[in-house]
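These notes concern the structure reproduced below.
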Amino acid sequence: MLEALKEKVCRANLDLVRHGLVIFTWGNVSAIDRASGLVVIKPSGVSYDHMKPSDMVVVDLDGRIVEGELNPSSDTPTHLVLYKAFPNIGGVVHTHSTYATAWAQAGVDIPSLGTTHADYFHGDIPCTRNMKKAEVFGEYEKETGNVIVERFRQLSPDDTPAVLVRNHGPFTWGTDADNAVHNAVVLEEVAKMASIAVKINTSVKLNGIYITNFAPTMNKLLIEKHYSRKHGPNAYYGQKKK
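Position one of the sequence shown corresponds to residue -9 (this note's numbering), numbered consecutively onward.
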């Protein structure tokens, strides 16, 4: 089922490694077949070193596994929310690439400071709000998608195919998996450029305040949530032992 799309999604996931956007298993790529409404996505916690197309998991837009022996990415609900909300996208990427994630941890939009940024993103790269307790301890990954969609109520996801999830990391999307990866590569580069620029010129304002006065804090709820996703009796990241 969807063998060609599995090949494409697997290759796109491996491209994240090739472009230096992920280490270990810190990232995922998916793609949707709009005709069938089915999504192909990377399995959860599987090493890129051994990943193959047959490992890819097929799910429907409600998250039910249609084909695959492995658990889909723990971020699958986020991807599905985006596919439902943004009808023109065909692929979604999530990474923890260094510079883009640093901006997400700072909790501010990446300002559009130059033409490289403007070539790809129409305006600042938006950062989502802090998630509420009920969102973090409810359907967390689905709610992550919802706060992204909320942030884009006055923005075009087609014109700005990227977002920073506050305290978490970046998501990008595109017409297909390859295009979404391309946008992730560009996002990381413009995040790096912006990081350097605001160090050179401290008069640059971020969300209305000067960078020299900026003191980010981490959402404590997310500290607990992300630790417990991988550790402890209720961990659900990766493949459970049978």
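We put the CB at the ideal spot given by N, CA and C, even for glycine.
Within 10 angstroms of its Cβ, does residue i collect 16 or more other Cβ (buried), or is it exposed?
{"i": "P67", "result": "buried"}
{"i": "A96", "result": "buried"}
{"i": "S20", "result": "buried"}
{"i": "P223", "result": "exposed"}
Compute the Euclidean distance between the alpha carbons of residue i and residue j, then round it to the nearest angstrom.
{"i": "E214", "j": "R24", "result": "36 Å"}
{"i": "H107", "j": "E133", "result": "28 Å"}
{"i": "T192", "j": "E(-7)", "result": "51 Å"}
{"i": "E59", "j": "S34", "result": "11 Å"}
{"i": "V188", "j": "C117", "result": "17 Å"}
{"i": "L212", "j": "V155", "result": "11 Å"}
Check residue i in the structure and name its three-state DSSP category.
{"i": "H216", "result": "helix"}
{"i": "T36", "result": "A quick correction: the sequence has Val, not Thr, at residue 36. Looking at V36 - three-state DSSP - the assignment turns out to be coil, as it is neither helix nor strand."}
{"i": "L(-8)", "result": "coil"}
{"i": "I115", "result": "strand"}
So residue i is in the beta strand (DSSP E); what residue range does that whole segment cover?
{"i": "T162", "result": "G159 to G164"}
{"i": "L154", "result": "A152 to V155"}
{"i": "A21", "result": "G17 to D23"}
{"i": "L60", "result": "Here L60 belongs to no beta strand (DSSP E), and DSSP marks it neither H nor E."}
{"i": "V48", "result": "V47 to D50"}
Do residue i and residue j have their C-beta atoms within less than 7 Å of each other?
{"i": "H84", "j": "G135", "result": "no"}
{"i": "L11", "j": "S102", "result": "no"}
{"i": "P62", "j": "I31", "result": "yes"}
Check for me: the alpha helix (DSSP H) holding residue i runs from which residue to which?
{"i": "T85", "result": "First-last for T85: G81 to T85, but that is the beta strand (DSSP E), not the alpha helix (DSSP H)."}
Is residue i near the ligand SAM - that is, is its Cβ less than 6 Å away from at least one heavy atom of it?
{"i": "R143", "result": "As far as ligands go, the structure on display features none, and thus does not contain the ligand SAM."}
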